[in-house]
Each structure stands twice: as structure tokens, then as C-alpha cells.
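Notes follow the structure.
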Amino acid sequence: MKKILIILCLALPFSAFSQESDLGNWLLYFGNKNFSKKLNWHHEVQHRNYNLIGDLEQLLLRTGVGYNLSEKNNNLLLGYGFIRSENYTNGIGEKLIVNEHRIYQQFINKHKVSRVYLQHRFRFEQRFVEDVFKLRWRYFLAFNIPLTNPTMEDKTVYLSAYNEIFLNTEGNIFDRNR
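-4 is the number of the first residue of the sequence shown in our numbering; add one for each residue after it.
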């Protein structure tokens, strides 16, 4: 009886205050191919659905050619992205479809401080959203801390966290933080 009471006490707040939402799905693929010690190719596909499958929220295709300034540390990249967004506009199920083309430049710096592996990414985007031109800055910070080994090597269990801030050059400067 005591176990049942504990389970009910723990489950009740979750059911009483939980959000009502459909099951969404993000399918992501990221790839990097080195052509040489200096040149590389980045490519990614992100397929985001409102439901488990079949109700597209956003399709993002991004690619770029990078140049390594130093081995495994500093990388400059010039890229292109196509983004198709299908957002619901009202409660009757109509979608607004928006196509966006992005040209972007980015710089990635990786370094280690004690046991913490840091990655900084600075990205500048030229966005062509339908007939509107926009500029946006992005800053991404990630860190990995190895837990089972003193360094990051194969089969290491590690703690990872990241944050990215998006800043517009006009209008409302702050875009988002995720």
C-alpha cells in the first residue's frame, strides 16, 4: 500500500500539470568529409515533423566547403542552406509555407581547458526569406567533459552541453537563444 501511495504522489503532479502536445519528431543527419588536411565538406539534413511522421514542420538542407587553418582546431567555412518551413497559421489546420535560402560564413575554434573540451562557432548568415533579405549573427558554445577517461577518446562516456544565441542586424536585435 505504501508503494502505491508513493507512486501516485509522484505521478499526480506530472499528469495534473503536463502539457498537451502532439508527438513530434526531428530526424537529423550531420556529415563531414575531409578532402585533404586543409579542405573539408560539411553537409546536413534536418527533417522536423509536428507528428511522428508525415506532417512537415521544417526541412533544412545545409552544405559548405571548409578550410582548416590548423589541424583539428580552426576552420573557416562558406556554405549554403535551403529551409522550407510549414507553420500552422490558425486553428483550422491551414499552413503557411515559407522557403528560405541562406548563404553563410562561419569560423569554428576548438580548444581544451583542463578536462573541458570547448567549441566556439561564429556564423554570419545572409537570409533570403521569400522576398525579404535579412542578416543574422549566431554564436554557438559547446563543451564536452570526459567522464570515464582523462581525455576524449573512442568509447569515452562524456557530459555535453551547448547554447546558441541568434542576433539580427535590424529591428528586434535578439532573435532567439537555444
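C-beta atoms are modelled at their ideal positions from N, C-alpha and C, and glycine is treated no differently.
Secondary structure of residue i, DSSP reduced to three states
| i | result |
| --- | --- |
| Pro141 | strand |
| Ser13 | In this predicted model, Ser13 has a pLDDT of only 45, less than 50, meaning its place in the structure is not dependable enough to derive any value. |
| Asp170 | strand |
| Phe25 | strand |
| Phe30 | coil |
| Lys129 | strand |
Euclidean distance between Cα positions of residue i and residue j
| i | j | result |
| --- | --- | --- |
| Ala137 | Tyr112 | 8 Å |
| Asn139 | Asp149 | 14 Å |
| His38 | Leu55 | 11 Å |
| Leu154 | Ile103 | 20 Å |
| Gly19 | Asn44 | 6 Å |
| Gln14 | Asn46 | Caution is warranted here: a pLDDT of 44 is assigned to Gln14, below 50, making its placement in the model unreliable, and no coordinate value can be reported. |
For residue i, the first and last residue of its enclosing beta strand (DSSP E)
| i | result |
| --- | --- |
| Thr253 | Lying before the first or after the last residue shown, residue 253 is absent from the chain, which here runs from -4 to 173. |
| Ser155 | 153 to 163 |
Beta-carbon gap between residue i and residue j smaller than 8 Å
| i | j | result |
| --- | --- | --- |
| Arg57 | Glu95 | no |
| Thr75 | Gly59 | Per the sequence presented here, residue 75 reads as Tyr, with Thr not at that position. Their beta carbons are under 8 Å apart, which means Tyr75 touches Gly59 by this criterion. |
| Glu81 | Glu52 | yes |
| Thr146 | Val152 | no |
| Phe117 | Tyr134 | yes |
| Arg131 | Thr164 | yes |
What ranges does the beta strand (DSSP E) occupy inside the segment 73 to 113, keeping only unbroken runs of at least 3 residues that lie completely in it?
90 to 108
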